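Visitor:
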Amino acid sequence: MAPRSVEKDGLLARSSYDADAASLPSTPTSPTSNDDVASAGRPSEELASHDRELLDEEEERERLLTGAQSRSVRQGIQALFARAGPGGAGNDASARERTGSRREKRSARRKEARRKRRGGEEGELMYEMEEGGRRSESEASSERDQHRLGTVMAAKKTRRSRIIRLLLHGSILVLFLILVYLGAVLSKSRKQSYASVFESQTLRSNGSSLFAPTTILISLDGFRADFLARDLTPTLNAFIRAGVSPPYMLPSFPSVTFPNHYTLATGLYPEAHGIVGNSFWDEELAAEFYYTNKSHSMQPHWWADGEPVWVTAENAGVPAAIHMWPGSEAHIAGVEPAHLDRYNGSEVLSRKVDRIMQFLDLPGPDQPGASRTAPRPQLIAAYVPDVDSDGHKYGPNSTEIRTTIANADNMLADVFQGLEARNLTDVVNVVVVSDHGMATTDVSRLLQFEDLLDGDEEAKKVSHIDGWPLYGLRLHEEANLRPMYEALKRKAADDPAFDVYLRDEDMPERYHFSNNERIAPLWIVPKTGWAIVTRDEFDVEEGRRAGAVYHPRGLHGYDHEHPLMRAIFIARGPAFPHTPGSRLDVFQNTQVYNIICDSLGIAPHPNNGTLRLPLRPVGTHFDDAAPPVEIPHDPVVSAGPPSVIPLPPKPEEAPPVVATTPLVNPIRPGATAAAAGTTAAQPSQAEASKAGQEAQETVPAPTQTGSSVSGEPPGGPGAVSSSDQGHDDFAADDDEDDSSSSSDEEEGEEGEEEDEEEEEEEEEPSGWQELWQWVHDKVEAMKDWAHGMNGSNGDGSG
0 MAPRSVEKDG
10 LLARSSYDAD
20 AASLPSTPTS
30 PTSNDDVASA
40 GRPSEELASH
50 DRELLDEEEE
60 RERLLTGAQS
70 RSVRQGIQAL
80 FARAGPGGAG
90 NDASARERTG
100 SRREKRSARR
110 KEARRKRRGG
120 EEGELMYEME
130 EGGRRSESEA
140 SSERDQHRLG
150 TVMAAKKTRR
160 SRIIRLLLHG
170 SILVLFLILV
180 YLGAVLSKSR
190 KQSYASVFES
200 QTLRSNGSSL
210 FAPTTILISL
220 DGFRADFLAR
230 DLTPTLNAFI
240 RAGVSPPYML
250 PSFPSVTFPN
260 HYTLATGLYP
270 EAHGIVGNSF
280 WDEELAAEFY
290 YTNKSHSMQP
300 HWWADGEPVW
310 VTAENAGVPA
320 AIHMWPGSEA
330 HIAGVEPAHL
340 DRYNGSEVLS
350 RKVDRIMQFL
360 DLPGPDQPGA
370 SRTAPRPQLI
380 AAYVPDVDSD
390 GHKYGPNSTE
400 IRTTIANADN
410 MLADVFQGLE
420 ARNLTDVVNV
430 VVVSDHGMAT
440 TDVSRLLQFE
450 DLLDGDEEAK
460 KVSHIDGWPL
470 YGLRLHEEAN
480 LRPMYEALKR
490 KAADDPAFDV
500 YLRDEDMPER
510 YHFSNNERIA
520 PLWIVPKTGW
530 AIVTRDEFDV
540 EEGRRAGAVY
550 HPRGLHGYDH
560 EHPLMRAIFI
570 ARGPAFPHTP
580 GSRLDVFQNT
590 QVYNIICDSL
600 GIAPHPNNGT
610 LRLPLRPVGT
620 HFDDAAPPVE
630 IPHDPVVSAG
640 PPSVIPLPPK
650 PEEAPPVVAT
660 TPLVNPIRPG
670 ATAAAAGTTA
680 AQPSQAEASK
690 AGQEAQETVP
700 APTQTGSSVS
710 GEPPGGPGAV
720 SSSDQGHDDF
730 AADDDEDDSS
740 SSSDEEEGEE
750 GEEEDEEEEE
760 EEEEPSGWQE
770 LWQWVHDKVE
780 AMKDWAHGMN
790 GSNGDGSG
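Here the sequence shown stands for residues 0 to 797, numbered as in numbering that gives the first Met the number 0.
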């Protein structure tokens, strides 16, 4: 007896526990498709689905038969009326093709429906068999197929990624080339506009070439207005007589180099153009601007709030040449001048003259060989730092500064001679300016920063100090700002050597120094001639006790309206068709930008200036209404900590003196070029020297001293010497060493006799206070003189 099949007849058979199992016998009687379906032992749902498919197929056959009969009837009717020819056969073939196409579509739809109704692996397998075979013959074959498929997909992804990268890089390259092309087109357009602008302007000829409006702007850094009255500047004084100028020009506050040079170039106050000091902190950028460090000052973002005149000119198609002007290396607004000379502090003055002449000697647009990329400039701006540099080093009243002033004047003489040689005197405009003046420093006029803040602990609350010699304070904690301000304000009320301001509260409006976040919130502003120092820089108490000399010997940065801070403005040329020697009202340096733009025939960018060409003189420097020029003096030690320098006893007889503040007119009708800028009442340098030697006999000089307390002596600027180097203007030619005391005494006696002869012509002191000041000035002059001769501690009494 054969064993019973567990699969089909046993208790484990599906029919014994599955109510939906097939009820038909599983033993096949014939190899029909229906038995195959039944033998699969599938559920009743699938059987019902199979039955529906069979019924659908039967209905489809009936429709096809019915449709075929109908078509045959129609074709017979059409044949009766159809034309004989190839068209009939073609219609029959077309109909058969359409019928076959419909059958294939229906068959495909039925197969897809069956595949969807049959879930699982078995249905997928059956579908693939109907389509022509299994996907793979074994599991290994399936894995190979999957691996091959993955390889193909990975290759496609790699190829797609490579294509994307190539497209991206190509796009970047194309964009870069487009930008380069646009830059070249714009540059070419600007360079080409040089010629078009040149042709549109009023041209002047020097006999060999045509010149469009051309202006030379020269800045003499640190050249104080009253330097013109020292009998050292025949060229500048002759320039005043031939041109137009005010008695002096006011700088902007603070009166330091970088803010004022950018004001000259933009016409904006420092609070507007953003260069608010030679050094300052920017909270937004979290960075410090420091003028001597190009990595912290020559980036465009520092200068972006102003448009300098060279950018205005280049944008208007007027080529510019900029020689070392502060800020010109910062690539402002992405516009470069046609010619740019970077700063070189060691360049000699003759080289500057040569450079200016080289610019003028370039061929013009109307001449062969003219360059479209480096054309002859119409704006030439040159910076001369020498007077400022030596003013800091030696002081504005030293013998050395006299030489420097004379050298700067000689440089201008060479410029004017070069213009004359090229027949350009009446073709080219020349404007000479300065940025500020200079005051003498002294160890007796120093303020210890830590003492102002009540000790080192209070000073530690300060996070950053802006500026110098004035101090802008930023604090770690804003809550400490008001208490520190009030404490400093109380001290300032008892010590007139400095003022204290809050930027947002009581900063003087005339300073125009509050509307910019780069301006520190709290400021200590010393009076002119005073300076603030930290203890690690200079210990004031120890320096006074030792009689140390404080450096720098000259400073600026104070109240811009103080006489010692006054600057100059002198202009001449076809843009200034005024009576020679015309006198203007005093104006501030914010007006210079408009004047330069108008002289070039270009529209200025919005700025704080109001003056426009033509200027309107109020008279000449020769007429009786011309005001005399005041000769300012450095402040005396009258406030703050007392000086350690002993004062001389009161003399029994008042020595002859001139007025402590003589008033002079530097321009006199009929004066020669060499004598222009002097006064009839001003005594000669020989007289000043002898008067000082007379005072030296009365008061012995101390051992080691600082610089002159009073500044320029009444006998005339330059009588104070800090070295043994003499000057041609002095009458004495002796060696000025310790072995010449007898010669000094003889010269002192001769000077005393000459003073007695001229005593009636000189002004007598108005009182003991004025006399005391005069004696004090003479003593300080002799102390510097003695210090210069000895070079070390010793008796300077001669």
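For every residue, glycine included, the Cβ atom is placed at its ideal position computed from N, Cα and C. Treat the numbers as computed from the prediction; the structure is a model and nothing was measured.
Whole angstroms are fine: how far does the CA of PRO374 sit from the CA of PRO825?
Guide: Outside the displayed span of the chain (0 to 797) sits residue 825, for which this structure offers no information.
Visitor: With 16 other CB atoms within 10 Å as the buried threshold, where does PHE568 fall?
Guide: Per the 10 Å Cβ criterion, buried.
Visitor: For the 8 angstroms Cβ check, are there 3 or more pairs between the region 427 to 440 and the region 212 to 220?
Guide: Cβ pair count under 8 angstroms is three or more, so yes.
Visitor: Determine, using beta carbons only, whether PRO468 and MET437 come nearer to each other than 9 angstroms.
Guide: No, the Cβ-Cβ distance between PRO468 and MET437 is not below 9 angstroms.
Visitor: Does the distance from the C-beta atom of PRO299 to that of SER327 stay below 9 angstroms?
Guide: No.
Visitor: Please classify ILE177 as buried or exposed, where buried requires at least 16 other C-beta atoms within 10 Å of its C-beta.
Guide: Burial call: exposed.
Visitor: Assuming PRO631 and LYS526 are in contact, meaning their beta carbons sit under 8 angstroms apart, how far apart are those beta carbons, in whole angstroms?
Guide: Contact flag wrong, Cβ pair sits at about 13 angstroms.
Visitor: Below 9 angstroms between beta carbons: does that hold for SER208 and PRO376?
Guide: Not in contact: SER208 and PRO376 (Cβ atoms no closer than 9 angstroms).
Visitor: Assign ARG473 to one of three DSSP states: helix, strand, or coil.
Guide: ARG473 falls in the strand class under three-state DSSP.
Visitor: From the DSSP output, read off the bridge partner residues of TRP280.
Guide: GLU287, per the DSSP bridge assignment.
Visitor: Could you give the residue range of the alpha helix (DSSP H) that holds ILE331?
Guide: Run containing ILE331: none; DSSP gives neither H nor E here.
Visitor: Tell me the residue span of the alpha helix (DSSP H) that contains PRO482.
Guide: Counting along the chain, the alpha helix (DSSP H) containing PRO482 begins and ends at 480 to 493.
Visitor: Mind checking which residues open and close the beta strand (DSSP E) that includes PHE568?
Guide: Where PHE568 is concerned, the enclosing beta strand (DSSP E) stretches over 568 to 571.
Visitor: What is the residue span of the beta strand (DSSP E) that SER598 lies within?
Guide: No beta strand (DSSP E) contains SER598, which is instead part of the alpha helix (DSSP H) from 591 to 599.
Visitor: Between HIS322 and LYS351, how many whole angstroms is the CB-CB distance? I'm expecting something under 8 angstroms.
Guide: Right, their Cβ atoms sit about 7 angstroms apart.
Visitor: For LEU359, which of TYR382, GLU560, LEU378 and GLY466 has the nearest alpha-carbon?
Guide: When only C-alpha atoms are compared, the closest one is LEU378.
Visitor: Take GLU651 and list the residues in its own chain whose beta-carbon comes closer than 8 angstroms to its own, dropping the five residues that flank it on each side.
Guide: Because GLU651 sits at a pLDDT of 38, beneath the cut-off of 50, its placement in the model cannot be relied upon, and the following sentence gives the value as read from the coordinates. Within the same chain, GLU651 has no close Cβ partners at all.
Visitor: Taking just the CA atoms, how far does VAL442 sit from GLY528?
Guide: So the two alpha carbons sit approximately 10 angstroms from each other.
Visitor: Taking the continuous alpha helix (DSSP H) assigned at THR262, which residues delimit it?
Guide: Looking at the DSSP string, the run of the alpha helix (DSSP H) that includes THR262 is 256 to 265.
Visitor: Would you mind giving the Cβ-Cβ distance between ARG229 and ARG401, rounded to the nearest angstrom? I have them listed as a contact below 8 angstroms.
Guide: 7 angstroms between Cβ atoms; contact.
Visitor: With which residues is THR214 paired in a DSSP beta bridge?
Guide: LEU378 and ASN428, per the DSSP bridge assignment.
Visitor: Taking Cβ positions, are GLN447 and ARG534 nearer each other than 9 angstroms?
Guide: The answer is yes: Cβ separation under 9 angstroms.
Visitor: For GLN366, count neighbouring C-beta atoms within 10 Å of its own C-beta (all shown protein chains included) and say buried if the count is 16 or more, exposed if not.
Guide: GLN366 comes out exposed.
Visitor: For GLN145 and LEU64, what's the separation of their Cα atoms in angstroms?
Guide: C-alpha separation (whole angstroms): 46 angstroms.
Visitor: Would you identify the three-state DSSP class for GLY614, choosing helix, strand or coil?
Guide: In the sequence as presented, Gly is not what sits at residue 614; that position holds Leu. DSSP places LEU614 in coil when its eight states are reduced to three.
Visitor: Do TRP302 and GLY805 count as a contact pair if the criterion is CB distance below 9 angstroms?
Guide: With the chain represented from 0 up to 797, any question about residue 805 goes unanswered, as that position is not in the structure.
Visitor: Would DSSP call GLU629 helix, strand or coil?
Guide: It is a strand residue.
Visitor: Identify whether ILE274 lies in helix, strand or coil by the three-state DSSP scheme.
Guide: In the structure shown, ILE274 sits in coil (DSSP, three-state: anything other than H, G, I, E or B).
Visitor: Around the C-beta of HIS330, are 16 or more other C-beta atoms found within 10 angstroms, so that it is buried, or is it exposed?
Guide: Burial call: exposed.
Visitor: With DSSP as the reference, label SER388 as helix, strand or coil.
Guide: Three-state DSSP puts SER388 in a helix.
Visitor: Pick helix, strand or coil for GLN200, following the three-state DSSP scheme.
Guide: In the structure shown, GLN200 sits in coil (DSSP, three-state: anything other than H, G, I, E or B).
Visitor: Only counting the same chain, and skipping five residues up and downstream in sequence, which positions put a Cβ closer than 7 angstroms to that of HIS553?
Guide: His is not the amino acid found at residue 553; the sequence shown has Gly there. So the qualifying residues of the chain are GLY390, HIS391, GLY394, PRO395, MET437, ALA438, THR439 and THR440.
Visitor: Can you list, in chain order, the residues of its chain with a C-beta nearer than 7 angstroms to that of LEU487? Leave out the 5 residues immediately preceding and following it.
Guide: The answer, listed in chain order, is LEU451, VAL499 and ILE523.
Visitor: What runs of the alpha helix (DSSP H), each 4 residues or longer, lie entirely inside the region 498 to 561?
Guide: Segments of the alpha helix (DSSP H) lying fully in the region 498 to 561: 539 to 545.
Visitor: Use the C-beta contact count for THR704: other C-beta atoms within 10 angstroms, 16 or more gives buried, fewer gives exposed.
Guide: Confidence in THR704 is poor, its pLDDT being 34 and thus under 50, which makes the residue's placement too unreliable to answer from.
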